[in-house]
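Okay, so here's the structure we're looking at.
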Amino acid sequence: MDTRFFAAWLEECARVVHEQRDYLTRLDAAIGDADHGTNLDRGFTGIRQALAEHTPPTPGALLALAGTTLVRKVGGASGPLYGSALRQMGKALGDAETIGLAELADALETALQAVRRLGGAEVGDKTMVDALSPACAALRLAVAEGIKPQEALSRAADAADQGAKDTISMQARKGRASYLGPRSIGHQDPGATSTALILAALRDVAVAWAES
Amino acid sequence: MVGLVLISHSLTLAREVAELTRALAPVPAPVAPVGGNPDGGYGTDPDRVREAVRAVDRGDGVVLLADLGSSVLTAKLLVEELGDPSVVLADAPLVEGAVAASVMAGAGAPLAEVVAAAEQARAGKL
Ligand SMILES: Nc1ncnc2c1ncn2[C@@H]1O[C@H](COP(=O)(O)OP(=O)(O)O)[C@@H](O)[C@H]1O
Ligand SMILES: [Mg+2]
Numbered sequence: 059m060d061t062r063f064f065a066a067w068l069e070e071c072a073r074v075v076h077e078q079r080d081y082l083t084r085l086d087a088a089i090g091d092a093d094h095g096t097n098l099d100r101g102f103t104g105i106r107q108a109l110a111e112h113t114p115p116t117p118g119a120l121l122a123l124a125g126t127t128l129v130r131k132v133g134g135a136s137g138p139l140y141g142s143a144l145r146q147m148g149k150a151l152g153d154a155e156t157i158g159l160a161e162l163a164d165a166l167e168t169a170l171q172a173v174r175r176l177g178g179a180e181v182g183d184k185t186m187v188d189a190l191s192p193a194c195a196a197l198r199l200a201v202a203e204g205i206k207p208q209e210a211l212s213r214a215a216d217a218a219d220q221g222a223k224d225t226i227s228m229q230a231r232k233g234r235a236s237y238l239g240p241r242s243i244g245h246q247d248p249g250a251t252s253t254a255l256i257l258a259a260l261r262d263v264a265v266a267w268a269e270s
Numbered sequence: 668m669v670g671l672v673l674i675s676h677s678l679t680l681a682r683e684v685a686e687l688t689r690a691l692a693p694v695p696a697p698v699a700p701v702g703g704n705p706d707g708g709y710g711t712d713p714d715r716v717r718e719a720v721r722a723v724d725r726g727d728g729v730v731l732l733a734d735l736g737s738s739v740l741t742a743k744l745l746v747e748e749l750g751d752p753s754v755v756l757a758d759a760p761l762v763e764g765a766v767a768a769s770v771m772a773g774a775g776a777p778l779a780e781v782v783a784a785a786e787q788a789r790a791g792k793l
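First to last, the sequence lines map onto chains A and B.
All residue numbers for the first sequence refer to my numbering, where the first residue is 59 and numbers rise by one.
All residue numbers for the second sequence refer to my numbering, where the first residue is 668 and numbers rise by one.
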């Protein structure tokens with residue numbers, strides 16, 4: 059997986075986030091402040107613009123630029139969280155020109171640690187951590203089993219999607235939704251949902267990559 | 668003198684808290700209010716927070732105070748990035764913390780005392 063692969067992933071994220079903007083905002087309207095879709099759309103549009111001006115030479119530098127752009131443009135809590143996740147991922151990939159599945163799994167783990175460290179959320183707090191954490195675990199397991207990338211990333215995307223659905227029954231303990239206490243139960247977390255979309259985009263790009 | 672950066676989801680709110688610190692301190696400290704996302708809606712614009720830190724830095728340190736969610740996370744990330752021990756995020760409520768910190772900073776107290784004043788402002792109202 060090279061720089062073009064990761065650029066295609068970010069491009070697909072931008073497309074999907076734009077397409078699902080109103081859905082993400084509706085989820086945030088129920089338990090937050092109705093801006094998650096708008097926030098991420100602004101952030102990924104910023105990434106698109108940054109990459110149109112200049113595409114960094116390595117996957118690591120590319121993700122670092124994308125992370126910094128999200129930090130600067132999103133404007134909500136998901137900005138510093140996703141932003142530092144991508145930045146740390148970029149850092150973990152170093153200056154390698156191509157990335158194997160095992161390195162990608164390690165980098166995703168670094169992203170999870172970055173989110174947990176900055177936001178202080180644990181699994182079960184009804185946040186993006188509840189989608190990212192099972193995705194990391196699924197990917198790690200797939201690497202250990204020696205499964206090919208598109209299959210492994212497909213499992214990670216499924217785990218994230220299940221993780222996002224599992225937030226419905228959770229009570230929020232972090233973020234704005236936590237102000238609702240038990241009233242946050244019954245709603246799917248917007249950040250966990252966008253994490254599932256971002257990992258589905260990674261799977262889709264890997265599948266298209268394998269076919270070409 | 669220690670400088671203060673007040674970060675709210677709302678620029679109007681941050682500006683008004685800054686006004687209040689000027690009105691309620693015998694000698695007002697340098698204060699920069701920041702608020703709103705990059706499009707001007709409620710939220711946080713990290714670039715403006717960064718500029719604000721620079722604007723109030725008189726060489727004696729800068730204390731950041733933030734209201735909620737993205738304000739806090741943005742400030743936390745910026746402080747980490749700067750890695751400068753003289754730029755500190757106080758664990759304090761915005762209004763009470765800002766007034767307490769401004770009084771202390773205006774009196775010429777060092778950074779640690781200004782941070783402590785802000786953080787102690789949280790408790791003991793009743
Ligand atoms: N402390 C936190 N740790 C992890 N994730 C968080 C935290 N706070 C918020 N989130 C995630 O961010 C999402 C909300 O993002 P967004 O609406 O863009 O920001 P804001 O809450 O500032 O309006 C939540 O659904 C949740 O998944
Ligand atoms: Mg929101």
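Cβ atoms here follow ideal geometry from the backbone N, Cα and C, with glycine treated the same way.
(1) Any idea if Glu167 of chain A is buried or exposed, counting beta-carbon neighbours within 10 angstroms, 16 or more meaning buried?
(2) On the premise that Ala150 of chain A lies in contact with Asp164 of chain A, defined as a C-beta separation below 8 angstroms, what is that separation, rounded to the nearest angstrom?
(3) If you measure from the beta carbon of Gly710 of chain B to each beta carbon in chain A, is any gap under 8 angstroms?
(4) Please report whether the beta-carbon of Ser270 of chain A lies at a distance below 8 angstroms from any beta-carbon of chain B.
(5) Tell me which residue opens and which closes the alpha helix (DSSP H) that Gly710 of chain B is part of.
(6) Starting from the C-beta of Asp80 of chain A, find all residues in its chain whose C-beta is less than 7 angstroms away, skip the five residues before and the five after it, and write them out in chain order.
(7) Between the C-alpha atoms of Pro705 of chain B and Ser737 of chain B, what's the straight-line distance to the nearest angstrom?
(8) Distance check for Leu731 of chain B and Ala757 of chain B, CA to CA, integer angstroms please.
(9) Can you name, in chain order, every residue of its own chain whose Cβ lies under 8 angstroms from the Cβ of Thr103 of chain A, other than the five neighbours on each side?
(10) Indicate whether at least one CB of chain A lies closer than 8 angstroms to the CB of Pro705 of chain B.
(11) Between Ala135 of chain A and chain B, is any beta-carbon pair separated by less than 8 angstroms?
(12) Is it true that the segment 770-782 of chain B meets the segment 702-722 of chain B, where meeting means three or more beta-carbon pairs spaced less than 8 angstroms apart?
(13) Counting Cβ pairs closer than 8 angstroms, one from the segment 182-200 of chain A and one from the segment 212-232 of chain A, do we hit at least three?
(14) Which residues are close to ligand 1, meaning CB closer than 6 angstroms to any heavy atom, in chain order?
(15) Can you check DSSP and say which residues form a bridge with Leu731 of chain B?
(16) With a threshold of 8 angstroms between beta carbons, is Ala159 of chain A in contact with chain B?
(17) Ends of the beta strand (DSSP E) at Ala699 of chain B?
(18) For Pro248 of chain A, return the contacting residues in chain B, with the cut-off set at a CB-CB distance below 8 angstroms.
(19) Strictly below 7 angstroms CB to CB, what residues from chain B border Leu176 of chain A?
(20) Please name the residue, chosen from A:Gln246, A:Ala124, A:Asp219, that lies closest to Met228 of chain A on a Cα-to-Cα basis.
(21) Go to Asp99 of chain A, then tell me how far its alpha helix (DSSP H) extends in each direction, as first and last residue.
Walking through what the data contain:
(1) Translated into positions along the first sequence, residue 167 of chain A becomes position 109. When all chains shown are included, Glu167 of chain A counts as buried.
(2) Position 106 of the first sequence, counting from 1, holds the residue named residue 164 of chain A. Position 92 of the first sequence, counting from 1, holds the residue named residue 150 of chain A. Confirmed, about 6 angstroms.
(3) Here residue 710 of chain B corresponds to residue number 43 of the second sequence, with the count starting at 1. True, the Cβ-Cβ gap to chain A drops below 8 angstroms.
(4) Taking the first residue of the first sequence as 1, we reach residue 270 of chain A at position 212. Judged by the 8 angstroms Cβ criterion, Ser270 of chain A is not in contact with chain B.
(5) Your numbering for residue 710 of chain B matches position 43 in the second sequence. Gly710 of chain B: not part of any alpha helix (DSSP H); DSSP gives it neither H nor E.
(6) Against the first sequence, residue 80 of chain A aligns to sequence position 22. Cβ neighbours of Asp80 of chain A beyond the five flanking positions: Gly95.
(7) Taking the first residue of the second sequence as position 1, residue 705 of chain B is located at position 38. Taking the first residue of the second sequence as position 1, residue 737 of chain B is located at position 70. When rounded, the distance between both Cα atoms is 12 angstroms.
(8) In the second sequence, the residue the question calls residue 757 of chain B occupies position 90. In the second sequence, the residue the question calls residue 731 of chain B occupies position 64. Cα to Cα, the separation comes out at about 6 angstroms.
(9) By one-based count along the first sequence, residue 103 of chain A stands at place 45. Spatial neighbours of Thr103 of chain A in its own chain (CB-CB distance under 8 angstroms, excluding positions within 5 residues in sequence) are listed in chain order as Ala72, His76, Lys131.
(10) Residue mapping note: residue 705 of chain B aligns to position 38 of the second sequence, counting from 1. Cβ-Cβ to chain A under 8 angstroms: yes for Pro705 of chain B.
(11) As a first step, residue 135 of chain A is located in the first sequence; it is residue number 77 there, counting from the start. Cβ-Cβ to chain B under 8 angstroms: yes for Ala135 of chain A.
(12) no
(13) yes
(14) A:Asp86, A:Gly90, A:Asp91, A:Asp93, A:His94, A:Asn97, A:Gly134, A:Ala135, A:Ser136, A:Leu139, A:Val173, A:Gly177, A:Gly178, A:Ala179, A:Thr185, A:Met186, A:Val187, A:Lys232, A:Gly233, A:Arg234, A:Asp247, A:Pro248, A:Gly249, A:Ala250, B:Gly736, B:Ser737
(15) What you label residue 731 of chain B is simply residue 64 of the second sequence in a count that begins at 1. Under the DSSP definition of a beta bridge, Leu731 of chain B partners with B:Val672, B:Leu756.
(16) Numbered from its first residue, the first sequence carries residue 159 of chain A at position 101. Position check: residue 159 of chain A holds Leu in this sequence, whereas Ala was assumed. Judged by the 8 angstroms Cβ criterion, Leu159 of chain A is not in contact with chain B.
(17) On the second sequence, residue 699 of chain B is found 32 positions in, with the first residue counted as 1. From DSSP, the beta strand (DSSP E) with Ala699 of chain B extends over 698-702.
(18) Reading the first sequence from its first residue, position 190 is the one you call residue 248 of chain A. Under the 8 angstroms cutoff, chain B gives no residues; its nearest Cβ is about 13 angstroms from Pro248 of chain A.
(19) In the first sequence, the residue the question calls residue 176 of chain A occupies position 118. What Leu176 of chain A touches in chain B: Leu740, Lys743, Leu744.
(20) The residue labelled residue 228 of chain A in the question sits at position 170 within the first sequence. Among A:Gln246, A:Ala124, A:Asp219, the Cα nearest to that of Met228 of chain A is on A:Gln246.
(21) Residue 99 of chain A sits at position 41 when you count from the first residue of the first sequence. Where Asp99 of chain A is concerned, the enclosing alpha helix (DSSP H) starts and stops at 94-111.
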